[in-house]
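Engineer: Provided herewith is a single structure, encoded as structure tokens, for subsequent inquiry.
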Amino acid sequence: MTIEDFLDKMEQLILEAGRVPFTNKRVIEEDDLVTLLDALRRDVPNEIQDAQNIVKERNHILAEAEEEAKKIVEMAHNRADSLINDHIIAKKAQESAKDLMDATKKEREALRSDAFEYADAVFSQLDQNLNTALQTIRQAHVELKKIK
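The following block contains the structure:
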């Protein structure tokens with residue numbers, strides 16, 4: 249269950265709770281609230297783990313891209329070495345290898361930047377969702393104490 253699902257269920261629990269006459273207060277079934285909170289404690293770490301797995305996968309993709317770039321550069325260097333017999337051909341191969349390295353470096357940096365931006369967005373959304381859930385829980389707890 250996602251954090252959004254928990255928030256929806258909590259909102260539904262509050263909206264469906266009986267009203268206290270002549271007040272703006274509601275009476276919430278303690279068992280329902282405790283069950284929802286237990287499920288939140290159990291399932292939210294899974295959502296955090298999912299976000300961490302996304303970051304780990306992005307890092308893995310970056311590492312693979314970097315390794316592939318190294319292989320491509322190595323292949324370009326090997327090709328250049330085999331063509332050294334002619335100075336003009338060797339010079340062109342070196343220029344191509346440099347261009348390829350520059351392009352690969354730019355691509356790697358762009359991928360890394362995108363991965364960090366994505367991870368930051370995921371963690372920001374998760375932080376916002378957790379804060380909203382915590383505020384709702386605290387408000388429900390305060391309301392529950394007021395009813396006592």
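Quick note on the working numbering: the sequence shown kicks off at 249 and runs consecutively. For every residue, glycine included, the Cβ atom is placed at its ideal position computed from N, Cα and C.
(1) Which of helix, strand or coil does DSSP assign to Val275?
(2) Measuring alpha carbon to alpha carbon, tell me which of Ile320, Asn379, Leu374 ends up nearest Asn294.
(3) Buried or exposed, going by whether 16 or more other CB atoms sit within 10 Å of the CB of Leu263?
(4) How long is the line joining the alpha carbons of Ala388 and Lys318, rounded to whole angstroms?
(5) Restricting to Cα atoms, I'd like to know which of Lys393, Leu392, Ile296 is closest to Ser372.
(6) From which residue to which residue does the alpha helix (DSSP H) around Met249 run?
(7) For Ile320, which residues from the same chain have a beta carbon less than 7 Å from its beta carbon, with the 5 sequence-adjacent residues on both sides left out?
(8) Rounded to whole angstroms, what is the Cα-Cα separation between His308 and Phe270?
(9) Can you tell which of Val275, Asp291, Asn272 has the C-alpha that lies nearest to the C-alpha of Glu252?
(10) Just the C-alpha distance for Ile276 and Tyr366, rounded to the nearest angstrom, thanks.
Structural biologist: Result, derived from the coordinates:
(1) In the three-state DSSP reduction, Val275 falls in the strand class (E or B).
(2) Asn294 has its Cα closest to that of Leu374, out of Ile320, Asn379, Leu374.
(3) Within a 10 Å sphere around the beta-carbon of Leu263 sit fewer than 16 other beta-carbons, which makes this residue exposed.
(4) Looking at the two C-alpha atoms, the distance is approximately 56 Å.
(5) Scanning Lys393, Leu392, Ile296 for the CA closest to the CA of Ser372 turns up Ile296.
(6) Unbroken run through Met249: none, as it is neither H nor E.
(7) Leu348, Thr352, listed in sequence order.
(8) Their Cα atoms are separated by approximately 59 Å.
(9) Checked all of Val275, Asp291, Asn272; the closest Cα to Glu252 is Asp291.
(10) Computed Cα separation, rounded: 39 Å.
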